[in-house]
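Take a look at the structure set out below.
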Amino acid sequence: MKTRTCGELREKDAGTPVSLAGWVNRRRDQGGLIFIDLRDRWGITQVVVDLELAPAAHAIADRARNEYVLQVSGMVRIRPEGTANPELPTGDIDIVADEIVILNKSKTPPFYINREDGNVDEALRMRHRYLDLRREPMQQNMVLRHKTVKFIRDFLDAEDFIEVETPILFKTTPEGARDFLVPSRLQPGMFYALPQSPQQLKQLLMVGGIERYFQIARCFRDEDLRGDRQPEFTQLDLEMSFVEREDVMQLMERLASEIVKTLTPEKRLIAEPFQRILYRDALEQYGTDRPDIRFDLRAIDISHIAGRCAFPVFVENVKAGKPVKCLRVPGKAAALSGTQLRKEARDLENMARRAGAKGLAYITVPTEEEGELRGPIGKFFSVELKLELLDAVGAEGGDLLLFMSDEPEIVYAVTDALRNHFKAELQLDDNLLAFCWVIDFPEFIWDDEHERWDPSQHMFTMPLSEDLHLLDSDPGAARGSQYDLICNGYEVGGGSIRIHDRQIQEKIFPLIGQTMEHAMAEFGHMLEAFEYGAPPHGGMAWGIDRLVMLLAGTPNIREVIAFPKTQGGADIMAHAPSSADGAQLKELHIQLDLPEEPAD
RNA sequence: GGGGGCGUGGUGUAGCGGUUAACAUGCCGGCCUGUCAAGCCGGAGAUCGCGGGUUCAAAUCCCGUCGCUCCCGCCA
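Heads up: the first sequence begins at 4 in our numbering, then just goes up one per residue.
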């Protein structure tokens, strides 16, 4: 139906007879002359329909409306002097139509397909996602996503990886996120679970001698949604045998860097090699294990100074072993009037309280013409102590210094909240991609509620070899081999060296509160596999959706997924989920036990 | 489970106790042979998400509810 696309014709094609097909992006009716911007995935080409040259085509063009599907036959022609459109790649030519066929009509779309600035209610876009996908930004995102996955496949193929598919119907995993369950008809009362990740299977592939495996894998987690989280999402899942942490990290770093340079040359990487941040430092300085390092706003521990001031809260906290930390906001005080500053301080304090703090102290650093430190707690610091403080945090005139003191976890939360607040003010550059590695996570994190250790990544993570002995003596101090790849505050991926030794794996279960019977029932196949010559192995999993989202420069994962779910986990186009009919449920031996509808 | 935001012609917004509910765009009709966010003229189109309440009077205030969204919890 089409001999050429709507994006490719140029001056050199003049005189070629062509047939184009696509959608009416816009129609401009001049009376005897009708212009139609015909759009397909590759671009827009202007079609000219002249009443005198082609009366039949003109009559059809007269009836055409936006989003009608047309097939146009005609001659490529260089546009008359002075009518070229430099905005359009095809703007030097147009098609003089001699025949137009309406392949299909279209109702007036519920929102604009042909406008860049279209700020449309997202629910409406989702209800008509097939129309939304026609819009230029979505077309670009879909292409970018394809190119990203294609690049990854080619890259890993060149590195001798092979792609292996693992089952979608698999086994429930009692740890971690909630599973999506699928009832088994053949085995009444039994359930498959959709994989949260192919973790176990890829390790078994390593035991199976695949050595270098990857998969573009769909994964499922039944947890609440976020702007960067969907219940089903796509991972680049990857595993390698006979590697150490450094081998995986270096290959993965090269992949990340080459993706960015090849697919989005307009983006800049903040640093190569990627900065490596210890988990402990990430928490202490940024208050999170996925720091956005595009801006340098870090909490500094000043307990050793604050403990000697006269502010009772600080003194008591330091005595009780709680840290006092300072966040220096450069130039913030100078930018605000006294009234504004007091309001800002109130807002920040409320923010800190929401994060769990009891308060938030501040002082401002004087510029040269002013004299004193201002702010409620300035008076508690002697002159010498003030100088020591300013020196410790590198303060300059006009800075706002914020002070947090509480249990470490609360200080982390406040640091994170404040950093996110100031980040929003900074209007950071989306074209800057600040990749960094976070490493040396603890192997376990203490779970107060269940009084046990939880794996900080998962139960198959190998502890660092120098910390292996700590599993017996001080599991809380053992570091795992985990590495997370962070970009602009998003966790793009994570991985680790895995346990391939049954004895080590068996030590993990009691620590995380599992009996050996339970472990055997759930993971016996893993333990058994480890006994048949499991090679040392490790790997990584990337969130493809998040990666593409960063490459596309959108903060919303739904923009890079063709048919995403709403925050309520629904597809409001096709109306999923939906109720099952009685016969289906009966066949599966399922009875519903729904909460009572409240009676009015 | 919790906190915040939004919901007004097809679309995007304004209005925030008394308006014939405004504007832009789109849509329909007309004119127009070089437009390209075309232009000009005319027209249709909204019980202001839904339910209840306060009031002489509600798009506007209050309560509830539904939908979408952002965040916390949750996400090995």
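For glycine and all other residues, C-beta sits at the position ideal for the given N, C-alpha and C.
Check	Outcome
Which residues does DSSP pair with Gln218 in a beta bridge?	Asp240
With three or more C-beta pairs closer than 8 Å as the rule, is the segment 322-337 touching the segment 398-409?	yes
Identify, in the order they occur along the chain, each residue of the same chain with its Cβ nearer than 7 Å to the Cβ of Glu256, setting aside the five sequence neighbours on each side.	Pro276, Phe277
For the pair the segment 74-90 and the segment 118-136, tell me if three or more CB-CB distances fall below 8 Å.	no
Would you give the residue range spanned by the alpha helix (DSSP H) that Val72 belongs to?	Run containing Val72: none in the alpha helix (DSSP H); it sits in the beta strand (DSSP E), 72-81.
If I follow the unbroken beta strand (DSSP E) through Phe38, where does it start and stop?	36-43
Return the CA-CA distance between Lys5 and Val52, expressed in angstroms with no decimal places.	18 Å
Can the beta-carbon of Tyr486 be found closer than 7 Å to that of Met252?	yes
Per DSSP, what are the beta-bridge partners of Ile515 in this structure?	The partner list for Ile515 (beta bridge, DSSP) is empty, contrary to what the question assumes.
Any heavy atom of the ligand PLP closer than 6 Å to the Cβ of Gln33?	For the ligand PLP, the structure offers nothing, since it holds no ligand at all.
Identify the residues that DSSP records as bridge partners of Gln49: which are they?	Asp40
When the distance is taken between beta carbons, is Val441 closer than 7 Å to Ala274?	no
Ignore the nearest five residues each way along the sequence and tell me which others in Gly192's own chain have a CB closer than 7 Å to its CB.	His592
Around the C-beta of Thr342, are 16 or more other C-beta atoms found within 10 angstroms, so that it is buried, or is it exposed?	exposed
Please specify which runs of the alpha helix (DSSP H), each continuous and at least 4 residues long, are wholly inside the segment 509-562, giving them in chain order.	519-533, 547-555
Are the CB atoms of Gln218 and Glu162 within a distance shorter than 7 Å?	no
Just to confirm my understanding: we take Leu431, look at its own chain, exclude 5 residues before and 5 after, and list those with CB closer than 6 Å. What are they?	Arg297
CB-CB under 7 Å to Trp449, same chain, minus the five flanking residues each way: which ones, in chain order?	Trp456, Gly479
Going by the DSSP bridge assignment, what does Val327 pair with across the sheet?	Ser408
Taking just the CA atoms, how far does Thr267 sit from Ile155?	14 Å
Around the Cβ of Val386, are there at least 16 other Cβ atoms within 10 angstroms (buried) or fewer (exposed)?	exposed
Below 8 Å CB to CB, which residues in the same chain sit around Glu226 once its five sequence neighbours on both sides are set aside?	Ala180, Arg181, Arg232, Pro234
Can you tell me whether Arg118 is buried or exposed, with buried defined as 16 or more other CB within 10 angstroms of its CB?	exposed
On a CA-only basis, which of Ala309, Asp443, Tyr415, Pro112 is nearest Ala395? Give me that one, please.	Ala309
Once you ignore the five residues that flank Arg66 on each side, which residues in its own chain have a CB closer than 8 Å to its CB?	Ile105
Just the C-alpha distance for Gln142 and Leu136, rounded to the nearest angstrom, thanks.	6 Å
Let me make sure I understand the geometry here. Which of Asp299, Gly571, Lys270, Ile560 has the alpha-carbon closest to that of Leu436?	Lys270
In the segment 128-160, which residue ranges form an unbroken alpha helix (DSSP H) of at least 4 residues, counting only runs that do not cross its ends?	132-135
To the nearest angstrom, how far is the alpha carbon of Glu102 from that of Thr237?	45 Å
Helix, strand or coil for Val368 per DSSP?	coil
Would DSSP call Phe173 helix, strand or coil?	strand
So, at 6 Å on beta carbons, what are the nonlocal neighbours of Lys510 in its own chain, with the 5 sequence-adjacent residues on each side left out?	Leu474
Whole angstroms is fine: what's the gap from Val332's alpha carbon to Leu403's?	5 Å
Nearest to Gly334 by CA position, among Phe194, Glu412, Arg377, Val368, is which residue?	Val368
Residues in the same chain with beta-carbon distance under 6 Å from Phe164, minus the five sequence neighbours each way, listed in chain order, please.	Arg215, Phe217
Among Ala358, Asp584, Lys174, Lys108, which has the Cα closest to the Cα of Gly527?	Lys174
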